[in-house]
Amino acid sequence: MSEQVSVRPRGRRPRAREAGVRIGRLPCGPLNAITDVAGVKVGHRTLMSYDGQVRSGVTAILPNDNPYEERVIGGSFTLNGAGEVSGLVQVNEWGLIETPICLTNTLSVGVVQDAVVQWMVRRHPEIGRRGDVPIPLVGECDDSWLNDIAGGHLRAQHVYEALDRARGGKVREGNVGGGTGMITCDFKAGVGTSSRRFGPPEMSYTLGVLVQSNFGVMNDLRIAGVPVGQVLERDYEGYDRRRVNYGSIIVVFATDAPLLPKQLERVAKRCALGLGRVGSMAAHGSGEIILGFSTTNIVPRHPVGWTGSLVYLHDQHTRDLYEAAIEATEEAVVNSLFAAESMSGFLGRYVPSLPLDDVREIMASRGC
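Numbering of the sequence shown is given in numbering that gives the first Met the number 0, commencing with residue 0 and proceeding in unit increments.
Have a look at this one:
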């Protein structure tokens with residue numbers, strides 16, 4: 000295994016809003032992140048080697064401190080299925096999430112799933128003995144353009160570290176965790192996040208999104224409706240870029256709005272509309288998989304009695320919820336592009352960062 004570099008953030012690039020880009024009409028949460036939903040935690044473990052061959056990692060999202068015992072309502076939608084989230088079949092069957100959600104590269108899904116099991120068994124020794132067996136949720140994107148994906152560099156210890164580092168508060172974006180080697184619309188991208196608040200003042204709700212973004216081609220890139228990719232394309236005509244690898248994106252959303260599984264599935268479909276706003280064509284070889292949960296209703300693993308009660312949002316009041324999902328997904332992808340720095344990697348390949356000054360100039364010329 001290649002020697003690992005201790006990753007230290009360089010001068011931080013601005014997020015979209017810090018650069019003056021406003022997406023949508025709804026207000027953001029205080030952090031403009033998935034962690035604006037109370038109880039949600041995010042942790043990263045980034046892998047980068049001195050020789051440039053390793054550019055990968057893992058990102059962990061915890062719905063709460065103990066999802067195995069305090070299961071949350073979940074749902075999903077697959078816009079295009081050339082990708083994978085292990086454990087998703089059970090989520091769609093039961094409408095429950097009972098494990099952390101981890102994001103990594105395509106060939107590390109097995110390692111991460113194994114490690115999550117061991118991490119959970121340490122906390123719940125009854126698993127597989129006296130208790131049920133969970134199926135960890137592990138999503139993947141192909142980072143092989145920048146990463147030696149077949150080299151087996153991600154190990155169980157790295158997964159434990161991402162899980163143990165999971166915290167509320169600010170979320171690092173760009174070249175971090177599972178997003179380290181990811182590319183979007185031919186520019187360096189990775190992890191991005193955003194949030195929206197909606198609903199009446201007396202019961203305001205939050206929806207937050209985190210993406211591992213790795214899809215698309217430059218010509219399709221749009222930011223706040225402006226076709227910046229078409230303009231930038233002229234300056235990158237000789238740039239060597241991936242041609243066969245279509246990439247993918249995993250979208251994870253959280254909300255404190257009380258939703259049922261079918262309602263969460265419908266929200267996930269609106270996240271897909273947010274991807275379309277940025278330029279996703281859901282290409283044949285790309286996986287656009289969206290997974291979400293509500294933190295409001297807790298379904299205990301060991302219930303008392305035969306029945307339970309759930310609070311849910313009436314469907315007549317879902318308009319702002321859907322808009323929040325679209326806007327937060329769009330901005331999360333844009334934040335992944337704004338945050339990521341250019342990167343050299345596997346086989347000497349190079350991926351440029353989004354040229355923020357040029358983007359500002361293009362958008363200003365369009366009155367944005």
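We put the beta carbon where it would ideally sit given N, CA and C, even for glycine.
| Check | Outcome |
| --- | --- |
| Once the 5 residues before and after Ser107 are set aside, which same chain residues still bring their CB inside 6 angstroms of it? | Leu153 |
| Would Ile248 and Glu287 qualify as a contact pair, given that the criterion is a beta-carbon distance under 8 angstroms? | yes |
| How far does the alpha helix (DSSP H) with Gly275 in it extend, from its first residue to its last? | 260-277 |
| Can you tell me the Cα-Cα spacing of Pro99 and Ala331, whole angstroms? | 20 angstroms |
| Pro26: buried (16+ other C-beta within 10 angstroms of its C-beta) or exposed? | exposed |
| On the criterion of 16 or more Cβ atoms from any shown chain inside 10 Å, does Trp305 qualify as buried, or is it exposed? | exposed |
| Can you tell me whether Met202 is helix, strand or coil according to DSSP? | helix |
| Could you pull out every residue in the same chain whose Cβ sits closer than 7 angstroms to the Cβ of Gly344, ignoring the five residues on either side in sequence? | Gly51, Arg54, Leu145, Asn146, Gly180 |
| Which runs of the beta strand (DSSP E) fall wholly inside the stretch 132-189 and span at least 3 residues, in chain order? | 136-140 |
| In terms of alpha-carbon separation, which member of Phe292, Leu312, Met362, Lys268 lies closest to Thr77? | Lys268 |
| What did DSSP end up calling Leu312 once you bin it into helix, strand or coil? | coil |
| Since Ser293 is in the beta strand (DSSP E), which residue starts that stretch and which ends it? | 286-299 |
| Using only the alpha-carbon positions, how far apart do Gly86 and Pro133 sit? | 9 angstroms |
| In terms of residues, what are the limits of the alpha helix (DSSP H) holding Ala331? | 318-338 |
| Between the stretch 277-285 and the stretch 60-80, can you find at least three pairs of beta-carbon atoms closer than 8 angstroms? | yes |
| Answer with buried or exposed for Glu139, where buried requires no fewer than 16 other C-beta atoms within 10 angstroms of its C-beta. | buried |
| Is it the case that the Cβ atoms of Val170 and Val41 are separated by a distance below 8 angstroms? | yes |
| Quick check on the burial criterion: 16 or more other C-beta atoms within 10 angstroms. Buried or exposed for Asp141? | buried |
| When you compare only the Cα positions, how much space is there between Pro354 and Val120? | 45 angstroms |
| DSSP three-state call for Ser107: helix, strand or coil? | helix |
| Note down the Cα distance separating Val333 from Ala155, rounded to an integer number of angstroms. | 31 angstroms |
| Compute the beta-carbon to beta-carbon distance between Thr103 and Val111, rounded to the nearest angstrom, for a pair I have assumed lies under 8 angstroms. | 5 angstroms |
| Starting from the C-beta of Ala323, find all residues in its chain whose C-beta is less than 7 angstroms away, skip the five residues before and the five after it, and write them out in chain order. | Leu25, Arg195, Phe197, Leu206 |
| Can you find a C-beta in chain D that's less than 8 angstroms from the C-beta of Asp131? | The chain labelled as chain D is not found in the depicted structure, where only one protein chain is given. |
| Identify the continuous beta strand (DSSP E) that holds Ser55 and give its terminal residues. | 54-61 |
| Starting from the C-beta of Val216, find all residues in its chain whose C-beta is less than 7 angstroms away, skip the five residues before and the five after it, and write them out in chain order. | Cys184, Asp185 |
| Have a look at the DSSP bridge pairing and note the partners of Tyr349. | Ser343 |
| Can you list, in chain order, the residues of its chain with a C-beta nearer than 6 angstroms to that of Arg241? Leave out the 5 residues immediately preceding and following it. | Trp144 |
| What residues are listed by DSSP as bridge partners for Leu102? | Thr58, Gly138 |
| Grab the span of the beta strand (DSSP E) containing Val71 for me, first residue to last. | 69-80 |
| Could you tell me whether the stretch 247-261 touches the stretch 61-78, using the rule of 3 or more Cβ pairs below 8 angstroms? | yes |
| Using only alpha-carbon positions, find the residue among Arg233, Gly176, Ala114, Arg70 that is nearest to Ser335. | Gly176 |
| Which residue from Ala223, Ile126, Asp163, Asp131 puts its Cα closest to that of Arg16? | Ala223 |
| Along the chain, where does the beta strand (DSSP E) that runs through Val251 open and close? | 246-254 |
| Output the distance between the C-alpha atoms of Val310 and Glu340, rounded to the nearest integer angstrom. | 43 angstroms |
| How many angstroms separate the CA atom of Leu272 from the CA atom of Asn65? | 32 angstroms |
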